[in-house]
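>
Residue numbers (our numbering): 83 to 214.
1. For residue 124, which of helix, strand or coil comes out of DSSP?
2. Within 8 Å, do at least three Cβ pairs link the segment 172-186 to the segment 107-118?
3. The beta strand (DSSP E) with residue 192 in it runs from where to where?
4. Report all residues from its chain with a CB closer than 8 Å to the CB of residue 97; omit the five preceding and five following residues, and keep chain order.
5. Compare the Cα-Cα distances from residue 151 to each of 132, 104, 212 and 163 and report the closest residue.
6. At what residues does the alpha helix (DSSP H) containing residue 187 begin and finish?
7. The beta strand (DSSP E) with residue 169 in it runs from where to where?
8. Can you tell me which of 138, 171, 190 and 129 puts its alpha carbon nearest to the alpha carbon of residue 160?
9. Taking the CB atoms as reference points, tell me whether residue 190 and residue 155 lie closer together than 9 Å.
10. Relative to the C-alpha of residue 195, which candidate in 167, 212 and 182 has its C-alpha closest?
What follows is the structure, given as structure tokens:
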């Protein structure tokens, strides 16, 4: 018969691991929530910037009418991981288009504000032609 060697673990190491493992798991969960938060922040920030630029182009080109809030929701649809409930408001002004997006989940909140200047190069060109 073969000699079977048994491996014994001290009771103190089992107790220590029972304290350490929940700490590692908790740290992992916090890390994942943070990564998801910054991912969603980047997606919302990019969508708000694209919406503001499209709003500035719409203001220059009066023949086209865009649904800017719908455009924002199309850009974020299916891409958000953590903050799935987002409110957006688009405020066109005389000089800029401002897009404000707010999202929250439990205690985490996210506010993004993007602006795009409405460029009117034709006015600048006409002024330059008058000077010369």
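The beta carbon of each residue, even a glycine, is placed where N, CA and C say it ideally should be.
In this structure, then:
1. As a position in the chain shown, residue 124 is number 42, starting the count at 1. In this structure, residue 124 counts as helix in the three-state DSSP scheme.
2. With a cut-off of 8 Å, the segment 172-186 and the segment 107-118 do not count as touching, because too few Cβ pairs lie within range.
3. Translated into positions along the chain shown, residue 192 becomes position 110. Run containing residue 192: 190-199, per the beta strand (DSSP E) assignment.
4. Locating residue 97 in the chain shown gives position 15, counting from the first residue. Hits under 8 Å: none found.
5. Walking along the chain shown from the start, residue 151 turns up at place 69. Of the candidates 132, 104, 212 and 163, the one whose C-alpha sits nearest the C-alpha of residue 151 is 132.
6. As a working mapping, residue 187 is identified with position 105 in the chain shown. Counting along the chain, residue 187 sits inside no alpha helix (DSSP H); it lies in the beta strand (DSSP E) bounded by residues 178-187.
7. By 1-based counting over the chain shown, the position of residue 169 is 87. Here the beta strand (DSSP E) through residue 169 covers 168-174.
8. Here the question's residue 160 lines up with position 78 in the chain shown. Put simply, of 138, 171, 190 and 129 the residue whose alpha carbon is nearest the alpha carbon of residue 160 is 129.
9. Walking along the chain shown from the start, residue 190 turns up at place 108. Walking along the chain shown from the start, residue 155 turns up at place 73. No. Outside cutoff.
10. Translated into positions along the chain shown, residue 195 becomes position 113. When each option's Cα is compared against that of residue 195, the closest is 182.
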